[in-house]
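Data block below; observations after.
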Amino acid sequence: MSSARPSEAGSISERLSGRILLQVEQHGEAWYVSPPTQKRYYMGRPADAFRLMRSLGLGITDADLARIPVYNDTSEGDTNLRSRLSGRILLQVEQHGEAWYVSPVNQKRYYMGRPADAFQLMRNLGLGISDENLRGISIHQDSTTAPGLDTVGSTGSGYGHNNTACIELPTATGDIVTVSTTAELKAIVSEITGGRGNLTVVINPGTYTIDRGLWIAGENVTFRGATGNRDDVRILGGGMGYGASTHIFMVAADNVTIADMTIGEVYNHAVQVHGESPFDADGFLLHNVRVVDTREQMLKGSYRASDNNGPDNGTVECSVFEYTAGIGPQWYIGGVDVHDGTNWVIRYNTFKDIQSPDSTIAEHGVHFWSNSDGTLVHDNVFINNDRAIGFGLGDYGRGHGSGTIRNNYIYHDTSAGDVGIGLESATDVDVYDNVILHEHDYTRAIEYRFPDTRDGSIYDNILTTGYTITSRDGGTASIGSNTLNARVSDYVNPANGNFDRNE
Numbered sequence: 080m081s082s083a084r085p086s087e088a089g090s091i092s093e094r095l096s097g098r099i100l101l102q103v104e105q106h107g108e109a110w111y112v113s114p115p116t117q118k119r120y121y122m123g124r125p126a127d128a129f130r131l132m133r134s135l136g137l138g139i140t141d142a143d144l145a146r147i148p149v150y151n152d153t154s155e156g157d158t159n160l161r162s163r164l165s166g167r168i169l170l171q172v173e174q175h176g177e178a179w180y181v182s183p184v185n186q187k188r189y190y191m192g193r194p195a196d197a198f199q200l201m202r203n204l205g206l207g208i209s210d211e212n213l214r215g216i217s218i219h220q221d222s223t224t225a226p227g228l229d230t231v232g233s234t235g236s237g238y239g240h241n242n243t244a245c246i247e248l249p250t251a252t253g254d255i256v257t258v259s260t261t262a263e264l265k266a267i268v269s270e271i272t273g274g275r276g277n278l279t280v281v282i283n284p285g286t287y288t289i290d291r292g293l294w295i296a297g298e299n300v301t302f303r304g305a306t307g308n309r310d311d312v313r314i315l316g317g318g319m320g321y322g323a324s325t326h327i328f329m330v331a332a333d334n335v336t337i338a339d340m341t342i343g344e345v346y347n348h349a350v351q352v353h354g355e356s357p358f359d360a361d362g363f364l365l366h367n368v369r370v371v372d373t374r375e376q377m378l379k380g381s382y383r384a385s386d387n388n389g390p391d392n393g394t395v396e397c398s399v400f401e402y403t404a405g406i407g408p409q410w411y412i413g414g415v416d417v418h419d420g421t422n423w424v425i426r427y428n429t430f431k432d433i434q435s436p437d438s439t440i441a442e443h444g445v446h447f448w449s450n451s452d453g454t455l456v457h458d459n460v461f462i463n464n465d466r467a468i469g470f471g472l473g474d475y476g477r478g479h480g481s482g483t484i485r486n487n488y489i490y491h492d493t494s495a496g497d498v499g500i501g502l503e504s505a506t507d508v509d510v511y512d513n514v515i516l517h518e519h520d521y522t523r524a525i526e527y528r529f530p531d532t533r534d535g536s537i538y539d540n541i542l543t544t545g546y547t548i549t550s551r552d553g554g555t556a557s558i559g560s561n562t563l564n565a566r567v568s569d570y571v572n573p574a575n576g577n578f579d580r581n582e
């Protein structure tokens, strides 16, 4: 879905002037609509985007820049100047050319920093747009063009409204080890446990049953199924009961990728990314994986509060998280659960049946807390989870910094459930363009709770009739226009992940 609706007043170029647009029907390609021309530029890779934004930048004095408040400043500044420079890139000509972006959403400025920081910022502030609406904005003659990547769906069983945005990982190159038996898998993991890295482990089709977790201590290691179909390779831990393997993968190194397989049936977590010292595992990628039947959270990002270390720069995409029995084994379960994680992206996944069997509700399908920051959760499908998305928890130092929750599709039937999106001590989080179709008795579809939940915005969301966006325990947010009268029958089959509108 997109906020770019043809029925709104003015041309689409005028309405989206200064915005970063993301092609949600393709591969998330990013475009910038330049205010002076109201034409779009393709942003490309982080370094390309950074150069583009600086080339389109407008010089500004320190005195004028100070009249535009930064995003977390509650002062008004100069409202006329803010409006005039909305959507522009500003360069501090009296300093070292530092670049700032003035968001058209709140007309406040965001520091762009280094190329990777700027690119992440732009994507966090991006607005999803359909291909049809994007075609209504002309491409500037000086723009590069988006690459013509082939679009493929996530391969294997599962659900998902937007899995056509997923593309296959590049063909493996370099050091490649192929395994066909559990013994061969354990043997190469033993070498990786000893520090061997910079290789790809290709796993041939079959079921691999392990009795203990695979400890990954070598950097730049990829585990992937040979066929690309996640149903063809199954690595299982023997069940959710005592005596089963506690994990499938325990990630203790940077830049580990797990792709194209099914994992689960473990006592604790299918994957644990160890962000705590001395491991400090960053750059994790989970791609096209089906995660099933764990006794606790399916993917855990762990940390140590005393040294402020957690897993950073992770991506979870094109995957399915579900309990095959339609319900979990206990309440202490969840999908992706990350402590103190920075700059994670959760996209194009389906989370299904993460439900407690008793009166204590389960944790979220996606939960980032314990001072996580910079999280982007977009274009995911949630079906019958007790809680879908949560940033922060409580009011006792387990909150969340800035982040974005957008373009997600959430459905829950008449069985017991809780909040769709919950912000608890979450500062500067934007929640927009989400569809929440609930049929259960808990009527607060979006909650923002506790005094540290502030400086964020909630707008352009669609909720079923009778469900609300609610402040609790002193939480504040900027509430824009939201649709509160949708019906489940307006959509084709949300219970099976089809959120297309009925004609």
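Numbers given in my numbering equal positions in the sequence shown, counted from 1, plus 79.
Ideal Cβ placement from N, Cα and C applies to all residues, glycine included.
- A Cβ-Cβ distance of about 6 Å is found for the pair M191 and L200, placing them in contact under the 8 Å criterion.
- If you draw a 10 Å sphere on the C-beta of L206, you find 16 or more other C-beta atoms in it, and that means buried.
- The alpha carbon of H353 has as its nearest neighbour, out of G138, E344 and L378, the alpha carbon of L378.
- G414 sits close to I433, with the two beta carbons spaced by under 9 Å.
- The beta-bridge partner set that DSSP reports for N388 consists of R383.
- Approximately 5 Å separates the beta-carbon atoms of L293 and F328; this is inside 8 Å, confirming the contact.
- The region 386-448 contains, as complete beta strand (DSSP E) runs of 3+ residues, the segments 394-396, 399-401, 413-418, 424-426, 429-431 and 443-448 (chain order).
- For L169 against R188, the beta-carbon gap comes to about 7 Å, under 8 Å, which counts as contact.
- The DSSP assignment places complete beta strand (DSSP E) segments of no fewer than 3 residues inside the region 131-168 at 137-139, in order along the chain.
- As DSSP reads the structure, H326 sits in a beta bridge with H348.
- Beta-carbon to beta-carbon, R309 and M340 are separated by about 6 Å, close enough to satisfy the 8 Å threshold.
- Buried is the label assigned to E396, since at least 16 other Cβ atoms lie within 10 Å of its Cβ.
- Within the same chain, T543 and T544 come within 8 Å of R566 by CB-CB distance, once the 5 residues on both sides are set aside.
- In this structure, the CA atom of V371 is about 34 Å from the CA atom of N564.
- Assigned with DSSP and collapsed to three states, V103 falls in coil, not helix or strand.
- Annotation for V184: no beta strand (DSSP E) segment contains it, and DSSP assigns it neither H nor E.
- Apart from sequence neighbours up to five positions away, the residues of its chain that approach A467 with a beta-carbon distance below 6 Å are G444, F461, I489 and G499, ordered along the chain.
- Taking I541 as the centre and dropping the five residues before and after it, the same chain places the C-beta of V514, T562 and A565 closer than 6 Å to its C-beta, in chain order.
- R291 is bridged by DSSP to nothing; it lacks a bridge partner.
- Comparing alpha carbon positions, the residue from G469, Y120 and A360 closest to S222 is Y120.
- One thing to note: G304 has its Cβ no nearer than 9 Å to the Cβ of L278.
- Following the DSSP letters along the chain, one finds V371 in no alpha helix (DSSP H) but inside the beta strand (DSSP E) bounded by residues L364 to T373.
- Counting along the chain, D210 sits inside the alpha helix (DSSP H) bounded by residues D210 to L213.
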